[in-house]
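First the structure, in the form of structure tokens, and then the observations on it.
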Amino acid sequence: MSKDLSINVHHVTRVEGHGNIVVDMKNGVLQKAQLDIVEPPRFFEAMMKGRSFLEAAMITSRICGICSLGHQMTSLKATEAALGLEISEQTEILRKILVHGATFQSNVLHALFLAAPDFLNVGSVFPLVETHKEVVLAALRLKRLANDVGEVISGRAVHPITCVPGGFTRIPTEKELMQLREKLFKEGLPDADFALNVLASLADKIPPFERETEYISLYSEKEYGLYDGDIFSSDAGLLPVDKYLEVTNEFIVPHSTSKHAKFNRSSYMVGALARFNNSYKMLRPLAKEAAAKLGLEAPNHNPYMITLAQIVEVIHCVDDTIELIDKLLDNGLKEEKPNQEITRYGRGIAATEVPRGILFHDYTYNRQGLIEKANCIIPTGQNLANIDDDMKKLVPEIVKESKDDITKKLEMLVRAYDPCISCSVHMLDVQFIE
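Numbering-wise, the sequence shown is residues 2 to 435 according to the working numbering.
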């Protein structure tokens, strides 16, 4: 028997603002399956015009609370590229530590606070306080540890204050770094391993859905590409970061106030699973062991597995942060001043991996050191077309299931991508209209 189905999820609270899931099927034929984004523009790029190179990173960190560090790092790199500012090895290592902290904080909160309740059939993280208290406490400890990383290295956990073009206004002390290393080793690694075991025990709850797509991320031959690297496409290979417009190809769709993106296919994926698929060989040994324990192999084409890839990255980031601190201590800390000797004016383009995917900032400066033009391409926007394509394949595959099961799987699909909003802990309100 042919089936009619109409779904309106109003509003989805896991994006930067407001969005709706809309599905329409008539006589068994899918008419529509999409994520409508109805949030009005925020005009950060317009806000940047006329601003000094010293202000840019402080402004763009406000694009997102969870990803404030990622926006600041990308902004600093774009400014430095535009103005010809060279940074020291010490500055680069400190920045990599910050990116690691931001990544494992966001990943563990998504996996244990936002995704795990679905696997355990509860409506939010709050019932887990009673039934799975240690899971909640481990996530909170890892979040606190990431806050410690931010406070020690950049002066503040959210919206860093010591990171500036050309370096840092304050260098952490040897004692601070040694104390941070001890916490990472004695608390961070055990808690990350505990989170891994929790997700391994829940892995059989992940829906067995697959859709091969194009995976895009940063890639480096030196390390797992988070702070720096070239653009890598699973379809096209390596491209320089300054070719990002040829990769993202933003376009407008009627159902979204956020632009969509595509490269070699109708959509592509960014984020933890894209990074895992493209850069698996660069993971630290502990992270590869974690992937094996989760049964996660590269390439993986199930978007629900993003959550497992995030936990693999938690292990990688905590472990690699310890090594980076050791390198700083072995080299000896230097009281460096930020290098703000401008050698050129013009355009600078940079990319960093934030938890939800590859982030691009592109600035053009005039000879007064003021921004004339700015462009920022956000990971969530790059994933939107891919979410739509996933839904178009998923709905016909599960249409014979109960309404409750269809509802849950659509919710889980959106949650898997972890669209960027820090306070997205509400259930989706799904209504079926016959």
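From the three backbone atoms N, C-alpha and C, an ideal C-beta is built for every residue, glycine too.
Residue i (DSSP reduced to helix, strand or coil)
| i | result |
| --- | --- |
| Y228 | coil |
| S7 | strand |
| R266 | coil |
| C421 | coil |
| L138 | helix |
| Q35 | strand |
| C65 | coil |
| N340 | coil |
| V396 | helix |
| G382 | helix |
| A375 | strand |
| F252 | strand |
| V16 | In this prediction, V16 scores a pLDDT of 40, lower than 50, which makes its location untrustworthy; the coordinate-derived value is nonetheless stated afterwards. The answer is coil: DSSP assigns V16 none of H, G, I, E or B. |
| I22 | strand |
| H261 | strand |
| L297 | coil |
| I407 | helix |
| R276 | helix |
| K328 | helix |
| H111 | helix |
| V315 | helix |
Pairwise C-alpha distance: residue j and residue i
| i | j | result |
| --- | --- | --- |
| Y364 | K294 | 43 Å |
| L84 | C318 | 30 Å |
| Y418 | Y228 | 21 Å |
| G347 | L77 | 15 Å |
| G230 | V242 | 8 Å |
| V24 | N279 | 32 Å |
| V248 | F264 | 5 Å |
| S257 | D389 | 11 Å |
| M270 | T214 | 7 Å |
| L121 | H101 | 28 Å |
| R157 | S403 | 47 Å |
| S155 | L138 | 25 Å |
| I434 | L36 | Bear in mind that a pLDDT of 48 at I434, under 50, signals an unreliable position, so the model cannot answer this. |
| A299 | I8 | 34 Å |
| Q171 | I94 | According to the sequence provided, residue 171 is Arg. The question's Gln does not apply to it. When rounded, the distance between both Cα atoms is 14 Å. |
| R212 | N303 | 6 Å |
| T80 | E398 | 47 Å |
| L334 | L181 | 15 Å |
| I50 | R63 | Note that residue 50 corresponds to Lys in the displayed sequence, not to Ile. Cα to Cα, K50 sits roughly 16 Å from R63. |
| L325 | I98 | 7 Å |
| H72 | E135 | 32 Å |
| A275 | A310 | 9 Å |
Whole-angstrom C-beta distance between residue j and residue i, which should lie under 8 Å
| i | j | result |
| --- | --- | --- |
| E177 | V153 | 5 Å |
| L203 | A117 | 7 Å |
| L129 | V123 | 6 Å |
| I372 | F361 | Not a contact, Cβ separation roughly 15 Å. |
| R10 | N21 | Reading off the sequence shown, one finds Val at residue 10, where the question assumed Arg. That pair is a contact at about 6 Å. |
DSSP beta-bridge partners of residue i
| i | result |
| --- | --- |
| A351 | H362 |
| M49 | BP columns for M49 are empty, so no partner. |
| K27 | V30 |
Give, in chain order, every unbroken run of the beta strand (DSSP E) that is at least 3 residues long and sits entirely within the stretch 197-249.
-> 215-220, 231-234 and 238-240
Where are the alpha helix (DSSP H) runs, 4 residues long or more, that stay fully inside the stretch 140-203, in chain order?
-> 175-184 and 190-203
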